[in-house]
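With the working numbering, letter number 42 in the sequence shown gets 66, and the count goes up by one each step, no holes.
A virtual CB, placed ideally from N, CA and C, is assigned to each residue, including glycine.
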Amino acid sequence: MANTDSCVTVHMAASLDGFIARKDGSVDWLETADEFVGGDTMDPKSVAAFLETIDCYVMGSRTYETALRFANSGFGWSYGDKPTFVLTRRELPKIRDTVEFYSGDLAQFVHGRLRPAFRSIWFVGGGAVSGECLRLGLADEVRYTILPILIGDGIPFFEKLGRDVALHLAEVKAYVSGMVALRYEVRGSAGAPAKHLDA
Ligand SMILES: NC(=O)c1ccc[n+]([C@@H]2O[C@H](COP(=O)([O-])OP(=O)(O)OC[C@H]3O[C@@H](n4cnc5c(N)ncnc54)[C@H](OP(=O)(O)O)[C@@H]3O)[C@@H](O)[C@H]2O)c1
């Protein structure tokens, strides 16, 4: 039975022109040097407290491969000790015990496995998996962090969406770094969009 309190979030950072990575997968442009006077600052304690509210992560295999490269280059693992589900039809190295691989029907996985067990479920990329999640009507909210840069070409945030998805703008925050964080609720989603899960 579905956990009616569960919330499926799709979150990524993108360039102003809507790309989450360059065509070759690189994300070097995520580091920008802008300054927006009057913007909010990110307090590491609040960020850590907010991350604690996330119960599990879901990602596509290409995002996982980027995370593996980061970890193997000494930049650590961004998903803490939270269960992290990687969608893939391939055999991939398992970097830690919290990583679990899944292949198959995404709707069945979200409704049958994730929603009954977790409250705050975060899809963290990439474009293919975000597109699939929204196309299938599985997401309750979209968090889109826009960076102050245009990169011209790359991997789009929502790949092969194939339909309109009506949204409700629920929150806007601008930061000193020039980043703008948008939170939208998906209108008419199957989960529990009525209630926001922020701490
Ligand atoms: N800017 C950001 O915030 C951000 C966030 C995340 C990722 N990224 C970047 O985005 C890029 C990756 O995005 P992407 O769109 O190319 O790929 P992706 O969404 O990360 O992964 C797509 C892959 O996931 C697997 N998959 C998807 N649905 C599946 C299902 N139902 N069952 C089993 N497997 C499934 C397939 O892999 P198999 O071929 O293994 O079966 C598919 O090729 C990377 O460069 C990453 O660095 C950026």
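Item, Value
"Asp129: CB within 8 Å of a non-hydrogen atom of ligand 1", "yes"
"Pair within 9 Å by beta-carbon distance, Met83 and Gly150", "yes"
"The alpha helix (DSSP H) enclosing Ala152, as first and last residue numbers", "Gly151 to Arg159"
"contact_flag[the region 167 to 175, the region 104 to 114] where n(CB pairs < 8 Å) is 3 or more", "no"
"Residues of its chain near Ala216, where Cβ-Cβ distance is below 8 Å and the 5 sequence neighbours each way are ignored", "Bear in mind that the predicted position of Ala216 carries a pLDDT of just 42, short of 50, making it unreliable; the figure below should be weighed with that in mind. So the list reads Thr28, Asp29, Ser30, Cys31 and Asp164, once near-sequence residues are dropped."
"Alpha carbon of Glu124 to alpha carbon of Thr90, nearest angstrom", "16 Å"
"Pairwise C-alpha distance: His35 and Lys219", "With a pLDDT of 42 at Lys219, under the threshold of 50, the modelled position of that residue is not reliable, and no figure is offered here."
"Length of the line joining the Cα atoms of Gly155 and Ile78", "21 Å"
"Proximity below 9 Å, CB of Tyr103 to CB of Tyr126", "no"
"Exposed unless 16 or more other CB atoms sit within 10 angstroms - verdict on Ala223", "At Ala223 the pLDDT is 36, less than 50, meaning the model places this residue with poor confidence; the figure from the coordinates comes in the next sentence. Per the 10 Å Cβ criterion, exposed."
"Host alpha helix (DSSP H) of Glu89 (start-end)", "Ser85 to Asn96"
"Three-state secondary structure (DSSP) of Lys69", "helix"
"Range of the contiguous beta strand (DSSP E) that encloses Leu111", "Thr108 to Leu111"
"Sequence-distant residues of the same chain with beta carbon closer than 7 Å to Arg211, five excluded per side", "Ala190, Leu191 and His192"
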